[in-house]
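The structure appears right after this line, and notes come after that.
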(Lines of atoms letter the chains of each structure in order from A; the text may use other names.)
(Lines give C-alpha, C1' and ligand atoms only; values in the text may rest on other atoms or scores of the structure.)
Protein backbone atom coordinates (compact mmCIF):
# COMPACT_ATOMS: atom_id res chain seq x y z
CA UNK A 24 0.00 0.00 0.00
CA UNK A 25 2.87 2.38 0.89
CA UNK A 26 4.70 1.59 -2.35
CA UNK A 27 1.51 2.11 -4.33
CA UNK A 28 1.14 5.56 -2.75
CA UNK A 29 4.77 6.67 -3.09
CA UNK A 30 5.38 5.47 -6.65
CA UNK A 31 3.47 8.32 -8.36
CA UNK A 32 5.08 10.80 -5.93
CA UNK A 33 8.49 9.56 -7.03
CA UNK A 34 7.45 9.88 -10.68
CA UNK A 35 6.44 13.50 -10.13
CA UNK A 36 9.68 14.25 -8.29
CA UNK A 37 11.74 12.80 -11.12
CA UNK A 38 9.73 14.73 -13.70
CA UNK A 39 10.52 17.95 -11.82
CA UNK A 40 14.25 17.15 -11.78
CA UNK A 41 16.63 18.24 -14.60
CA UNK A 42 18.14 14.76 -14.62
CA UNK A 43 14.85 13.45 -15.97
CA UNK A 44 15.67 15.02 -19.32
CA UNK A 45 18.99 13.15 -19.63
CA UNK A 46 19.62 9.49 -20.35
CA UNK A 47 17.35 6.76 -18.94
CA UNK A 48 17.70 6.53 -15.18
CA UNK A 49 18.93 3.49 -13.32
CA UNK A 50 17.45 2.33 -10.04
CA UNK A 51 20.41 3.92 -8.23
CA UNK A 52 19.81 7.20 -10.08
CA UNK A 53 16.19 7.24 -8.94
CA UNK A 54 17.17 6.52 -5.36
CA UNK A 55 19.76 9.30 -5.47
CA UNK A 56 17.27 11.83 -6.87
CA UNK A 57 14.70 10.98 -4.24
CA UNK A 58 17.28 11.11 -1.43
CA UNK A 59 18.66 14.48 -2.54
CA UNK A 60 15.17 15.91 -2.99
CA UNK A 61 14.09 14.80 0.47
CA UNK A 62 17.24 16.35 1.92
CA UNK A 63 17.53 19.58 -0.06
CA UNK A 64 14.00 20.37 -1.22
CA UNK A 65 11.45 18.69 1.06
CA UNK A 66 8.84 21.19 -0.10
CA UNK A 67 8.82 19.44 -3.48
CA UNK A 68 7.58 16.28 -1.79
CA UNK A 69 4.68 18.18 -0.25
CA UNK A 70 3.93 19.80 -3.60
CA UNK A 71 3.99 16.40 -5.31
CA UNK A 72 1.64 14.91 -2.72
CA UNK A 73 -0.72 17.89 -3.04
CA UNK A 74 -0.68 17.57 -6.82
CA UNK A 75 -1.55 13.89 -6.59
CA UNK A 76 -4.39 14.70 -4.22
CA UNK A 77 -5.71 17.31 -6.65
CA UNK A 78 -5.56 14.81 -9.50
CA UNK A 79 -7.29 12.16 -7.43
CA UNK A 80 -10.08 14.57 -6.42
CA UNK A 81 -10.53 15.72 -10.02
CA UNK A 82 -10.71 12.12 -11.25
CA UNK A 83 -13.31 11.27 -8.61
CA UNK A 84 -15.36 14.32 -9.54
CA UNK A 85 -15.33 13.39 -13.23
CA UNK A 86 -16.36 9.82 -12.46
CA UNK A 87 -19.21 10.75 -10.10
CA UNK A 88 -20.50 13.50 -12.39
CA UNK A 89 -20.52 11.09 -15.34
CA UNK A 90 -22.22 8.32 -13.35
CA UNK A 91 -24.84 10.57 -11.75
CA UNK A 92 -25.28 13.22 -14.44
CA UNK A 93 -29.06 12.81 -14.67
CA UNK A 94 -29.49 13.33 -10.92
CA UNK A 95 -27.12 16.28 -10.85
CA UNK A 96 -28.27 18.17 -13.92
CA UNK A 97 -31.78 16.91 -14.75
CA UNK A 98 -33.52 15.90 -11.52
CA UNK A 99 -37.15 17.05 -11.90
CA UNK A 100 -37.27 17.72 -8.14
CA UNK A 101 -34.57 20.38 -8.51
CA UNK A 102 -35.84 23.83 -9.53
CA UNK A 103 -34.28 25.44 -12.59
CA UNK A 104 -33.54 29.12 -13.15
CA UNK A 105 -31.63 31.23 -15.61
CA UNK A 106 -32.36 30.01 -19.13
CA UNK A 107 -33.98 26.54 -18.90
CA UNK A 108 -32.87 25.91 -22.51
CA UNK A 109 -29.35 27.22 -21.92
CA UNK A 110 -26.40 25.58 -23.62
CA UNK A 111 -24.54 25.00 -20.35
CA UNK A 112 -25.66 23.96 -16.86
CA UNK A 113 -24.47 25.44 -13.58
CA UNK A 114 -25.56 23.61 -10.43
CA UNK A 115 -25.35 25.16 -6.97
CA UNK A 116 -25.50 23.37 -3.61
CA UNK A 117 -26.47 25.99 -1.04
CA UNK A 118 -27.87 26.75 2.40
CA UNK A 119 -29.99 29.85 3.05
CA UNK A 120 -28.18 30.55 6.32
CA UNK A 121 -24.72 30.31 4.78
CA UNK A 122 -22.92 33.65 4.77
CA UNK A 123 -20.73 32.67 1.82
CA UNK A 124 -23.81 31.63 -0.17
CA UNK A 125 -25.29 35.05 0.49
CA UNK A 126 -22.04 36.68 -0.61
CA UNK A 127 -21.93 34.80 -3.92
CA UNK A 128 -25.66 35.20 -4.64
CA UNK A 129 -25.40 38.60 -6.41
CA UNK A 130 -22.43 37.25 -8.37
CA UNK A 131 -24.56 34.41 -9.73
CA UNK A 132 -27.48 36.76 -10.41
CA UNK A 133 -25.18 39.00 -12.45
CA UNK A 134 -23.73 36.02 -14.31
CA UNK A 135 -27.14 34.64 -15.26
CA UNK A 136 -28.40 38.07 -16.37
CA UNK A 137 -25.35 38.96 -18.46
CA UNK A 138 -24.76 35.54 -20.02
CA UNK A 139 -28.37 34.69 -20.79
CA UNK A 140 -27.60 31.13 -21.87
CA UNK A 141 -26.96 29.32 -18.58
CA UNK A 142 -29.32 26.70 -17.19
CA UNK A 143 -29.06 27.18 -13.41
CA UNK A 144 -30.00 24.22 -11.21
CA UNK A 145 -30.87 24.79 -7.54
CA UNK A 146 -29.76 22.08 -5.10
CA UNK A 147 -31.26 22.73 -1.68
CA UNK A 148 -28.54 21.51 0.67
CA UNK A 149 -29.40 22.53 4.26
CA UNK A 150 -26.44 21.75 6.52
CA UNK A 151 -26.57 24.48 9.16
CA UNK A 152 -29.29 23.18 11.42
CA UNK A 153 -33.09 22.97 11.74
CA UNK A 154 -33.75 26.54 10.57
CA UNK A 155 -31.83 25.86 7.36
CA UNK A 156 -33.80 22.67 6.86
CA UNK A 157 -37.12 24.44 7.37
CA UNK A 158 -36.20 27.20 4.91
CA UNK A 159 -35.20 24.64 2.27
CA UNK A 160 -38.43 22.71 2.72
CA UNK A 161 -40.51 25.87 2.53
CA UNK A 162 -38.72 26.91 -0.65
CA UNK A 163 -39.41 23.57 -2.35
CA UNK A 164 -43.02 23.71 -1.20
CA UNK A 165 -43.45 27.08 -2.92
CA UNK A 166 -43.09 25.55 -6.39
CA UNK A 167 -46.80 24.74 -6.89
CA UNK A 168 -47.54 28.44 -6.40
CA UNK A 169 -44.97 29.40 -9.04
CA UNK A 170 -42.94 31.47 -6.59
CA UNK A 171 -39.85 29.36 -6.04
CA UNK A 172 -37.28 31.67 -7.62
CA UNK A 173 -38.66 34.82 -6.01
CA UNK A 174 -38.88 33.09 -2.63
CA UNK A 175 -35.42 31.54 -2.94
CA UNK A 176 -33.87 34.87 -3.92
CA UNK A 177 -35.58 36.61 -1.00
CA UNK A 178 -34.46 33.95 1.48
CA UNK A 179 -30.89 34.19 0.21
CA UNK A 180 -30.95 37.99 0.39
CA UNK A 181 -32.34 38.03 3.94
CA UNK A 182 -30.01 39.21 6.68
CA UNK A 183 -30.11 38.32 10.34
CA UNK A 184 -32.07 35.51 11.92
CA UNK A 185 -33.85 33.12 9.56
CA UNK A 186 -36.15 31.17 11.85
CA UNK A 187 -39.60 29.86 10.94
CA UNK A 188 -41.29 33.18 11.70
CA UNK A 189 -38.88 35.02 9.39
CA UNK A 190 -39.36 32.43 6.65
CA UNK A 191 -43.13 32.90 6.91
CA UNK A 192 -42.76 36.68 6.76
CA UNK A 193 -40.60 36.46 3.63
CA UNK A 194 -43.11 34.07 2.07
CA UNK A 195 -45.85 36.63 2.57
CA UNK A 196 -43.62 39.40 1.20
CA UNK A 197 -43.15 37.58 -2.12
CA UNK A 198 -46.87 36.88 -2.45
CA UNK A 199 -47.12 33.29 -1.29
CA UNK A 200 -50.29 32.02 0.34
CA UNK A 201 -48.87 30.99 3.70
CA UNK A 202 -51.67 28.55 4.53
CA UNK A 203 -51.23 26.81 1.19
CA UNK A 204 -47.46 26.76 1.65
CA UNK A 205 -47.74 25.02 5.02
CA UNK A 206 -50.27 22.58 3.60
CA UNK A 207 -47.92 21.74 0.72
CA UNK A 208 -45.03 21.22 3.13
CA UNK A 209 -47.15 18.61 4.89
CA UNK A 210 -48.75 17.02 1.83
CA UNK A 211 -45.47 16.77 -0.11
CA UNK A 212 -43.27 15.89 2.84
CA UNK A 213 -42.20 12.57 1.32
CA UNK A 214 -41.22 14.16 -2.00
CA UNK A 215 -39.38 16.99 -0.27
CA UNK A 216 -37.59 14.51 1.99
CA UNK A 217 -36.42 12.58 -1.07
CA UNK A 218 -35.25 15.72 -2.89
CA UNK A 219 -33.15 16.94 0.03
CA UNK A 220 -31.83 13.44 0.79
CA UNK A 221 -30.73 13.06 -2.83
CA UNK A 222 -28.85 16.35 -2.67
CA UNK A 223 -27.05 15.22 0.48
CA UNK A 224 -26.22 11.91 -1.19
CA UNK A 225 -24.84 13.66 -4.27
CA UNK A 226 -22.84 16.02 -2.10
CA UNK A 227 -21.32 13.10 -0.21
CA UNK A 228 -20.25 11.37 -3.44
CA UNK A 229 -18.83 14.64 -4.78
CA UNK A 230 -16.97 15.33 -1.51
CA UNK A 231 -18.94 18.54 -1.01
CA UNK A 232 -18.69 19.28 2.69
CA UNK A 233 -19.68 22.94 2.74
CA UNK A 234 -21.56 25.63 0.90
CA UNK A 235 -21.64 27.09 -1.61
CA UNK A 236 -20.43 24.49 -4.09
CA UNK A 237 -21.03 24.41 -7.82
CA UNK A 238 -20.97 21.69 -10.44
CA UNK A 239 -19.88 22.96 -13.83
CA UNK A 240 -19.10 20.53 -16.60
CA UNK A 241 -16.90 17.81 -15.10
CA UNK A 242 -15.73 19.91 -12.17
CA UNK A 243 -16.82 20.86 -8.66
CA UNK A 244 -16.09 24.48 -7.76
CA UNK A 245 -16.04 25.11 -4.03
CA UNK A 246 -16.55 28.37 -2.19
CA UNK A 247 -17.76 31.90 -2.88
CA UNK A 248 -16.02 32.52 -6.20
CA UNK A 249 -15.80 36.04 -7.59
CA UNK A 250 -17.47 37.13 -10.81
CA UNK A 251 -14.38 37.04 -13.03
CA UNK A 252 -13.52 33.52 -11.89
CA UNK A 253 -16.96 32.00 -12.43
CA UNK A 254 -17.31 33.80 -15.77
CA UNK A 255 -13.97 32.39 -16.91
CA UNK A 256 -14.87 28.88 -15.75
CA UNK A 257 -18.17 29.04 -17.62
CA UNK A 258 -16.40 30.21 -20.79
CA UNK A 259 -13.80 27.43 -20.51
CA UNK A 260 -16.45 24.77 -19.89
CA UNK A 261 -18.59 26.00 -22.75
CA UNK A 262 -15.63 25.99 -25.14
CA UNK A 263 -14.70 22.46 -24.05
CA UNK A 264 -18.25 21.19 -24.57
CA UNK A 265 -18.40 22.76 -28.02
CA UNK A 266 -15.19 20.95 -29.02
CA UNK A 267 -16.58 17.56 -27.98
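Residue numbers (the numbering used here): 24 to 267. The C-beta atom is built at its ideal place from N, Cα and C for all residues, glycine as well.
One or two residues paired with residue 111 in a DSSP bridge: Locating residue 111 in the chain shown gives position 88, where the first residue counts as 1. Partner(s): 141.
Straight-line gap, residue 135 to residue 213 (C-alpha atoms, nearest Å): One-based indexing of the chain shown puts residue 135 at position 112. One-based indexing of the chain shown puts residue 213 at position 190. For the pair residue 135 and residue 213, the Cα-to-Cα distance works out to about 31 angstroms.
Contact set for residue 44: own chain, Cβ-Cβ below 7 angstroms, skip 5 residues either direction: Along the chain shown, one-based indexing puts residue 44 at 21. Because the pLDDT at residue 44 is just 48, under 50, the model does not fix this residue reliably, and the value given afterwards should be weighed accordingly. In its chain, beyond the 5 residues on either side, no residue has a beta carbon closer than 7 angstroms to the beta carbon of residue 44.
Beta-bridge pairing of residue 245 - partner residues as DSSP gives them: What you label residue 245 is simply residue 222 of the chain shown in a count that begins at 1. In the DSSP output, where bridge partners are listed per residue, residue 245 has 236.
First and last residue of the uninterrupted beta strand (DSSP E) at residue 103: Stepping through the chain shown from its first residue, residue 103 is reached at position 80. If you look at residue 103, you'll find it in the beta strand (DSSP E) that goes 103-105.
Cβ contact check for the segment 147-166 and the segment 185-202: 3 or more pairs under 8 angstroms: Three or more pairs of CB atoms, one per stretch, sit closer than 8 angstroms, so the segment 147-166 contacts the segment 185-202.
Counted within 10 angstroms of its Cβ, other Cβ atoms place residue 141 as buried (16 or more) or exposed: In the chain shown, counting from the first residue as 1, residue 141 sits at position 118. By the 10 Å Cβ count, residue 141 comes out buried.
Sheet register partners of residue 117 (DSSP bridge): Walking along the chain shown from the start, residue 117 turns up at place 94. Note: residue 117 sits in a beta bridge opposite 147.
Counted within 10 angstroms of its Cβ, other Cβ atoms place residue 184 as buried (16 or more) or exposed: For the purposes of this step, residue 184 is taken as residue 161 along the chain shown, with counting starting at 1. Residue 184 is exposed by the Cβ-count criterion.
C-beta contact flag for residue 116 and residue 234 at 8 angstroms: Taking the first residue of the chain shown as 1, we reach residue 116 at position 93. Taking the first residue of the chain shown as 1, we reach residue 234 at position 211. The Cβ-Cβ distance between residue 116 and residue 234 falls below 8 angstroms.
CB contact flag (residue 230, residue 83, <8 angstroms): For the purposes of this step, residue 230 is identified with residue 207 of the chain shown, where counting begins at 1. For the purposes of this step, residue 83 is identified with residue 60 of the chain shown, where counting begins at 1. Yes, these two residues count as a Cβ contact at 8 angstroms.
Cut-off 7 angstroms between Cβ atoms - residues of its own chain near residue 260, not counting five sequence neighbours on either side: As a working note, residue 260 is residue 237 in the chain shown. Excluding its 5 nearest sequence neighbours in each direction, residue 260 has C-beta neighbours in its own chain below 7 angstroms: 111, 239 and 240, listed in chain order.
Integer-rounded CB distance, given that residue 147 should sit under 8 angstroms from residue 219: The residue given as residue 219 occupies position 196 in the chain shown. The residue given as residue 147 occupies position 124 in the chain shown. With a Cβ gap of about 6 angstroms, residue 219 and residue 147 count as contacting.
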